[in-house]
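Residues 8 to 227 in my numbering are what the sequence shown lists, from first letter to last. Note that beta-carbon positions come from the ideal geometry of N, C-alpha and C, so glycine has one too. A short write-up of the structure that comes next.
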Amino acid sequence: MKFFLDTADLNEIEEACSWGVVAGVTTNPTLYAKIGGKLADFNTHIQRICELTDGPVSAEAVGTTREEIIREGEELAALAPNVVVKIPTMIEGLAATKALAAKDIPVNMTLCFSVPQAIMAARAGAAYISPFVGRFDDISEDGLAQLEDVVAAVASYDFDQSVEIIAASIRSAHHVTQSALMGADIATVPFGVLKKLVEHPLTDRGLASFEADWKKVVQA
Ligand code: E4P
């Protein structure tokens with residue numbers, strides 16, 4: 008499984024990319040608003056993320072008609088060669104995905120919450136599909152079970168293009184572990200969760216004992 012970073016924060020992207028584990032970045036309007044992003048700076052900001060990231064960077068189209076989404080998608084794709092246009096799973100989004108995919112512009116279909124939505128996204132030409140886990144948990148449903156169904160269903164068929172499943176709306180290390188075990192291609196992870204993934208209490212204990220023992224060696 009690959010790790011994407013789910014953020015619009017340049018410092019987080021720079022830091023996590025330096026660890027050598029980040030294969031891409033996903034952003035959305037909420038994440039851009041969270042860092043105090045301004046509309047006028049949006050394109051430049053996406054370009055900066057694309058420069059920092061050695062891999063695909065999802066930038067979301069916010070239009071609601073197919074014409075608006077296609078126009079935005081073309082503008083976003085022109086910003087950098089590694090831009091992927093993120094489009095919500097809805098009828099206008101499917102139509103826009105079909106049109107953009109025909110122009111070889113990669114699409115990440117987002118806000119995916121069911122097996123039929125995922126299969127339709129793949130049929131429309133999406134290169135990436137993002138089933139959301141945490142938002143099911145928010146309404147007391149089993150987001151991981153939903154993800155597992157999508158992973159299994161999409162793996163059962165051949166599509167005209169390659170399709171990768173991005174486990175999205177990831178809130179915990181448990182979500183990441185289970186996504187990996189069920190064979191999700193990618194997990195897009197907030198910086199705080201990514202940082203936690205590298206930690207384990209037994210690693211800390213091992214480090215502390217090495218440190219203590221090394222002092223004895225030096226003193227002997
Ligand atoms: C994915 O691409 C989305 O940006 C993200 O994972 C949404 O997560 P949330 O449900 O925590 O907002």
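By DSSP's assignment, residue 31 forms a beta bridge with 11. For the region 18-80, the full-length beta strand (DSSP E) segments reaching 3 residues or more read 29-33, 64-67 along the chain. Between the region 161-174 and the region 79-91 there are fewer than three inter-stretch CB-CB distances shorter than 8 Å, so the stretches are not counted as touching. Counting of Cβ neighbours within 10 angstroms places residue 196 among the buried residues, the total reaching 16 or more. Taking the CA atoms as reference points, residue 182 sits about 43 Å from residue 225. With contacts defined by Cβ atoms closer than 8 Å, residue 115 and residue 137 form a contacting pair. DSSP places residue 194 in the strand class (E or B) of the three-state scheme.
Under the DSSP assignment, residue 136 falls outside any alpha helix (DSSP H), being part of the beta strand (DSSP E) whose first and last residues are 135-138. Between ligand 1 and the CB of residue 53, the shortest heavy atom gap is not smaller than 7 Å.
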